[in-house]
Amino acid sequence: MNEDGSLVRLENIHKYFGDNHVLRGVDFAVKPGQVVVLIGPSGSGKSTLLRTINLLEEPTEGKVLFDGKEITDIRTDVNNVRTHIGIVFQQFNLFPHKNATDNITLALRKVLKMSEGEAKKRALQELEHVGISEKAEAYPSELSGGQQQRVAIARALAMRPKLMLFDEVTSALDPELVKEVLDTMKRLAEEGMTMVVVTHEMGFAREVGTRLLVMDNGVILEDGDPRAIFSNPSHERTKSFLSHVL
Amino acid sequence: MKTRAEGFTAWRRELTPLSALILAVGVASLGVSMGGTIVFVLVQGVGSFEQIVSSTTSPFQASLLYIGIVLGLLAIGGGYGVYRMMPTKTAREATLSGGALGVLAVLFSLSFLWFRSGEDFALFIRLFFSFDVLGPFTETFFAAARNTVFLAFFGQLIGVLLGGFLALMALSNRAVVRAPARVYVNAFRGTPLLVQLIVGYLGLVTGLGLDVSVYRTGIIILGMNAGAYTAEIFRSGIQSLERGQMEASRSLGMSYLQSMGYVIMPQAIRRVIPPLTNEFVILIKDTSLIAFLGFAFADRELLAWASDSYAETFNSTPLIAAVAGYLVITLPLIRLVTALERKLRSGLVGIGA
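If you're matching them up, the sequences are chains X and V in order.
If you want the working numbering, it's the position in the first sequence, counting the first as 1, plus 856.
If you want the working numbering, it's the position in the second sequence, counting the first as 1, plus 234.
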């Protein structure tokens, strides 16, 4: 934890892609156990912001503090930090040449230095956790999108992270497969996992989120209780965005 | 799945009598002209060039070709004349296939007739098809074939190791690491292998004063050359993977090198097997260039063996033997790699997977 009791804290984050100023001074902190849902129109910088938390995007300016350490410090061992932050991607990004179990055990063995047997045990445990232990031997190409995404969640969880990041994880799924993934995430939230979720699923934001951030044009417009913001947004911009997606 | 026999029965059922006839004429045209010629020449004997000349210039062989032309023209006319009227797809394919076989038969027969009418046809046969001159060189031929395989294999081995390393360098974020790889790759791709061999050999032997054989120099330079091409093959294979693979791997806490080794490279290698095979086949043939440097007798590869044997016999048949040798090496290799590729495909999707 950081000194202020937060698990992760972003201070004045700016990010440029060339001349494109994508994040324009973002400050926010996530407390342990919070489920922070990040919404906003496309191009508003949600994904980039999420990816700065595990330094997949290096902020051009600003600091990221995670668990009591400034991880934007050049001397930080980024690989070690990342073992404590799980991320799930829109495109699943499972390793296609490895089956579900091996997708999970790879980092357990190579990064956490677990033995083959230990790693396998934990992999099966996590596959069970997300409800697809029967697909342990299946390759990604043999799984539906929803199943692949649940393996990806299990892969991230197996590292026993302190924080989970979800980057539009249901956007690439067929509508009938969205629910199984959202249900998995909901259960995680109920178990007390700290989560930051970029999504277009407003139902999820309302029901599961403990806090809602609305982003537009590289800044955070609203920050508060999801129900309150949905029923009474303070910004005109939020109102028009919500009227389009609700 | 239908068995082969069931498939054949179904095929025969859909074949109409006319389409079967046209297909049969097409098969017969090529069978008589090409098949008949081959069988006839073999039966007459290929031990000496005189036998081959007499069989290939005989009136009987000419009649085979003329029959082939007539049947071929019938198949072409029939096949392309009626294929639109065929009631089933099978029947239509049969008539078209009959026509295509007819085209082959006519082309083969006409070319052969033209070729054998040449003034120096007998001389050509004597120079290239005097198989009896090969007798004393049989043992050295197999040694040369083995040397060709070894040169290519070790050259490719160096090439793959070097190429993998260069590809990683070329993909570095740091210009000072990228630049030497680019210079190396472009220098070797941009200059002829023959020049590299000559300069490399003279450089090693006279420049550095090293006592290396042509054989070893050949392997080294061939490997260095292959490294440049292999580097580009690996680089394109790595770059063809989605960025998400590296991101997912790094997000799990794996280092850049771990991600490369366990996630990126295993996928990239599967993707580059076809271009890598292609490169290896080219390399096998490029071993022939080393002959320019002058091998020690026991180190000779196929081309060196062929030109030495040619010099001794004043006959070019060893060249034909060398050609056969290269094919015997390359064709099974291509099949082997195709089989390997299929095996490695497990779990991967893609067109034709």
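Glycine is no exception: its CB is placed at the ideal position from the N, C-alpha and C atoms.
Length at least 4, wholly inside the segment 929-982 of chain X: the alpha helix (DSSP H) runs in chain order: 934-938 and 956-966
Go ahead and label residue 548 (chain V) buried or exposed: buried means 16 or more other beta carbons lie within 10 angstroms of its beta carbon, across all protein chains shown. exposed
Which whole-angstrom value is the C-beta distance of residue 1121 (chain X) and residue 1012 (chain X), which I expect to be below 8 Å? There is simply no residue 1121 (chain X) to check, as chain X begins at 857 and stops at 1102 in what is shown.
Label residue 584 (chain V) either buried or exposed according to how many other C-beta atoms from any shown protein chain fall within 10 Å of its C-beta, with 16 as the threshold for buried. Residue placement at residue 584 (chain V) is flagged as unreliable, the pLDDT there being 47, under the threshold of 50; a coordinate-derived value is accordingly withheld.
With a cut-off of 8 Å, does the C-beta of residue 488 (chain V) fall near any C-beta of chain X? yes
Mind pulling the chain X residues with CB within less than 8 Å of residue 398 (chain V)? Result: empty, since nearest Cβ-Cβ is about 17 Å, beyond 8 Å.
Simplified DSSP assignment, three categories, for residue 876 (chain X): strand
Starting from residue 478 (chain V), find everything on chain X with Cβ-Cβ shorter than 7 Å and list it in chain order. 945, 947 and 949
Pick out whichever of V:489, V:570 and V:370 has its Cα sitting closest to the Cα of residue 512 (chain V). V:570
Grab the span of the beta strand (DSSP E) containing residue 1076 (chain X) for me, first residue to last. 1075-1080
Excluding the 5 residues flanking residue 992 (chain X) on each side, which residues of the same chain have their C-beta closer than 7 Å to its C-beta? 956, 957, 980 and 983
Looking at C-beta atoms only, is the number of pairs between the segment 904-923 of chain X and the segment 946-955 of chain X that lie closer than 8 Å three or more? no
My understanding is that residue 330 (chain V) touches residue 259 (chain V), with C-beta atoms under 8 Å, so please give their C-beta distance in whole angstroms. Wrong, their Cβ atoms sit about 13 Å apart, outside the cutoff.
Cβ-based burial, residue 1089 (chain X) [other Cβ within 10 Å; buried from 16]: buried
Closest by CA to residue 873 (chain X), which one among X:924, X:888 and X:899? X:899
Taking C-beta pairs closer than 8 Å, name the residues in chain X that residue 470 (chain V) reaches, listed in chain order. Those do not exist, as residue 470 (chain V) stays about 18 Å from chain X at its closest Cβ, beyond 8 Å.
Short Cβ contact (8 Å threshold) for residue 659 (chain V) with residue 403 (chain V): Here chain V has residues from 235 to 587 only, and residue 659 (chain V) is not among them.
The beta strand (DSSP E) that contains residue 919 (chain X), what's its start and end? 917-922
Of all the CB atoms in chain X, is at least one closer than 8 Å to the CB of residue 575 (chain V)? no
Identify whether residue 887 (chain X) lies in helix, strand or coil by the three-state DSSP scheme. coil
So which of X:864, X:892 and X:987 has the shortest CA-CA distance to residue 1054 (chain X)? X:892
Count the other C-beta atoms from every protein chain shown that fall within 10 angstroms of the C-beta of residue 574 (chain V), then say buried if there are 16 or more, exposed otherwise. exposed
Got a sec: is the Cβ-Cβ distance from residue 240 (chain V) to anything in chain X below 8 Å? no
Curious, which full-length alpha helix (DSSP H) runs of at least 4 residues does the segment 968-1055 of chain X contain? 972-985, 1001-1013 and 1031-1046
How about residue 1086 (chain X) and residue 1062 (chain X): do their beta carbons lie closer than 8 Å? yes
Can you name, in chain order, every residue of its own chain whose Cβ lies under 7 Å from the Cβ of residue 581 (chain V), other than the five neighbours on each side? With a pLDDT of 48 at residue 581 (chain V), under the threshold of 50, the modelled position of this residue cannot be trusted, and the question is left open.
Assigned exposure category for residue 348 (chain V) - 16 Cβ within 10 Å defines buried: exposed
When X:888, X:950 and X:866 are compared against residue 497 (chain V), the one with the closest alpha-carbon: X:950
Quick one: what does DSSP say residue 316 (chain V) is sitting in, helix, strand or coil? helix
Inter-residue Cα distance where the pair is residue 930 (chain X) and residue 908 (chain X): 14 Å
How would you list, in chain order, the residues of chain X whose beta-carbon sits under 9 Å from the beta-carbon of residue 500 (chain V)? 951, 953 and 954
Are the beta-carbon atoms of residue 461 (chain V) and residue 392 (chain V) separated by less than 8 Å? yes
How long is the line joining the alpha carbons of residue 477 (chain V) and residue 494 (chain V), rounded to whole angstroms? 12 Å
Proximal residues to residue 996 (chain X) (C-beta, below 6 Å), its chain only, five neighbours per side dropped: 950, 952 and 1004
Taking the alpha carbon of residue 509 (chain V) as the reference point, which residue from V:295, V:469 and V:415 has its own alpha carbon closest? V:469
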